[in-house]
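Protein chains in written order, with my numbering: chain V, 2 to 114; chain H, 149 to 357. Just so you know, even glycine gets a beta-carbon here, dropped at the ideal spot from N, CA and C. Computed from a predicted model, the values in this text were never measured in an experiment. Here the structure is laid out as structure tokens; the discussion comes afterwards.
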């Protein structure tokens, strides 16, 4: 059986993209059967998910993809810290925090050109 | 997802397959690995392994969310569908909003939220695919930075309890050290150690009260 080259990317999405991601979601559904939503196990699971996502944030800032590499590390850390501080200082405005961090990173990328 | 569209264009990954990956995979890091692996000409099982390892985080995320949308008679199919919509933004928003809603509207609410986010991602990938090389580098950098910046602020906005705040801080602080030790599972280890320590502290504080 020969695979049509044009169809290969679509097949790859299903075999190497959909299946290995969906398995974790499906296992999660099975795992929580019979576990109450106020259970301490779920507090632990939520804490693990939160720490994992925080690690994703740290990695994207420290080892950034694409065009971000050209922006110096100090500016990347400054932008994410600055955005977070603005979020705290504006009584937890998600929008203003993200806006400030974006202004810093875009200015930094402009400067680094 | 504008950045994802640009990436696909850059490596000649077809637009249709890119859009299909949004609907079926719905996890940006996994999609980037998939397209990157395709571009590098890696064999399908190698790509599948990398994608599978990078997606372990979906397990705790879906496990934490599904009990909120589940009712007495919610079928397994509906739960699987809800779990499919779990990705960072949908998870963060769902975890914040669902507990405050009456149980009977939670599932339709979350499915609506997830569909909306997928549609928005399809549109932004289309835009990114078309614009690809036309974007100036400073704007491309700004778009890429939206991911970590908005993740962090949204996560903080959700972390109102001690256990979540501790997990967030520990994840940020431990990540560079655990990445230094190496291995492909460093993110998972950071999650398990950071989340585990946060939970132990939470149990200890609760017991003393």
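Asked                                                                                                                                                                            : Found
Can you confirm whether residue 243/H, when its beta carbon is compared against all beta carbons of chain V, has any partner nearer than 9 Å?                                    : yes
Looking at chain V, is there any beta carbon in it that lies within less than 9 Å of the beta carbon of residue 196/H?                                                           : yes
Please state if the CB of residue 52/V and the CB of residue 170/H are separated by a distance shorter than 9 Å.                                                                 : no
Thinking residue 192/H and residue 17/V are a contact (beta carbons under 8 Å), I'd like their distance in whole angstroms, please.                                              : 5 Å
What are the start and end residues of each continuous alpha helix (DSSP H) run of 4 or more residues lying completely inside the stretch 153 to 232 of chain H, in chain order? : 163 to 172, 176 to 188, 192 to 202, 206 to 217, 224 to 232
In chain order, what residues of the same chain lie with their CB nearer than 8 Å to the CB of residue 205/H, ignoring the 5 residues before and after it?                       : 335, 336, 339
Hey, would you say residue 109/V sits closer than 9 Å to residue 72/V, going by beta carbons?                                                                                    : yes
Which residues in the same chain as residue 199/H place their Cβ atom closer than 7 Å to its Cβ, once the five residues preceding and following it in sequence are excluded?     : 178, 181, 182
Which residues mark the beginning and the end of the alpha helix (DSSP H) in which residue 355/H is found?                                                                       : 334 to 356
For the ligand ZN, I want to know if residue 326/H counts as a neighbour, meaning its beta carbon is within less than 8 Å of at least one of the ligand's heavy atoms.           : Questions concerning the ligand ZN fall outside what the structure shown contains, since it holds no ligand whatsoever.
Measure the alpha-carbon distance for residue 228/H versus residue 47/V and round it to whole angstroms.                                                                         : 19 Å
Out of curiosity, what's the CA-to-CA distance linking residue 333/H and residue 201/H?                                                                                          : 7 Å
Return the chain-ordered list of same chain residues with a C-beta closer than 6 Å to the C-beta of residue 369/H, the five sequence neighbours on each side being excluded.     : One cannot answer for residue 369/H here, as it falls past the ends of chain H, which runs 149 to 357.
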